Amino acid sequence: MEQNLELNQLAKEALREGSKWTFFLSIVGFIGVGLMLLAAIFITISLSDLPDEAVGLGPLGFMKNFFSLFYFLMAGLYFIPMYYLYKYSSNMKTALQFNDGNLVAEAFVNLKSHHKFLGISVIVILSLYLLVLIGSIFAIAASTAF
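So for the sequence shown, this note's numbering puts the first residue at 6; every next one is plus one.
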């Protein structure tokens with residue numbers, strides 16, 4: 006038994022306004038991804054001529070390739086939620102324009118994917134913080150034991 010959900014004018018206007026803002030945020034996010042990629046390319050080019058034992062970098066000179074790889078990885082990870090947000094906003098705009106319920110459903114699926122990605126990201130980051138905290142406690146305990 007399937008029931009149809011009809012949206013009143015207030016709900017449609019809220020979704021229309023919200024889709025404009027999510028479109029703006031996704032475009033700003035894509036610009037951020039582009040800037041991260043440019044930074045990664047700049048870091049790769051600027052640090053490529055430095056020897057691994059570069060003066061000023063000390064023992065961490067070998068990590069010069071890590072920085073560009075980090076920026077490439079972060080740009081890739083940041084692209085995913087921005088893509089879902091963009092798909093949500095563009096589908097919602099079109100759905101409201103043509104009163105298409107299937108497109109509204111597809112838009113909400115993209116919004117769910119966006120929120121799910123962000124939620125998993127928060128869980129991963131909090132887990133990493135917890136591991137760093139536990140590691141720090143063990144490191145402090147080990148250093149004071151001697």
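C-beta atoms are modelled at their ideal positions from N, C-alpha and C, and glycine is treated no differently. Keep in mind the model is a prediction, meaning the values are calculated, not measured.
Contact between lysine 17 and leucine 116 does not hold, since the beta-carbon distance rounds to 16 angstroms and is not under 8 angstroms. When secondary structure is reduced to three states using DSSP, leucine 10 falls in the coil class, being assigned neither helix nor strand. As for any alpha helix (DSSP H) of minimum length 4 sitting wholly inside the segment 68-125, the runs are 69-103, ordered along the chain. With distances taken between CA atoms, valine 129 lies nearest to Leu82 out of Phe72, Ser95, Leu82, Lys92. Across the set Ile36, Tyr88, Asp105, the C-alpha of Asp105 shows the shortest separation from the C-alpha of glutamate 11. Just so you know, the alpha carbons of asparagine 70 and valine 137 end up roughly 23 angstroms apart.
The beta carbons of isoleucine 48 and tyrosine 76 sit about 6 angstroms from each other, so the pair counts as a contact at 8 angstroms.
Taking 8 angstroms as the upper bound for CB-CB distance, phenylalanine 28 and serine 95 are in contact here, some 7 angstroms apart. Taking the Cα positions, serine 24 is about 6 angstroms away from methionine 97.
A residue is called buried when at least 16 other Cβ atoms come within 10 angstroms of its Cβ; valine 109 meets this threshold and is buried. Taking a C-beta distance under 8 angstroms as the contact criterion, tyrosine 89 and phenylalanine 122 qualify as a contact pair. Excluding its 5 nearest sequence neighbours in each direction, glycine 140 has no C-beta neighbour in its own chain below 7 angstroms.
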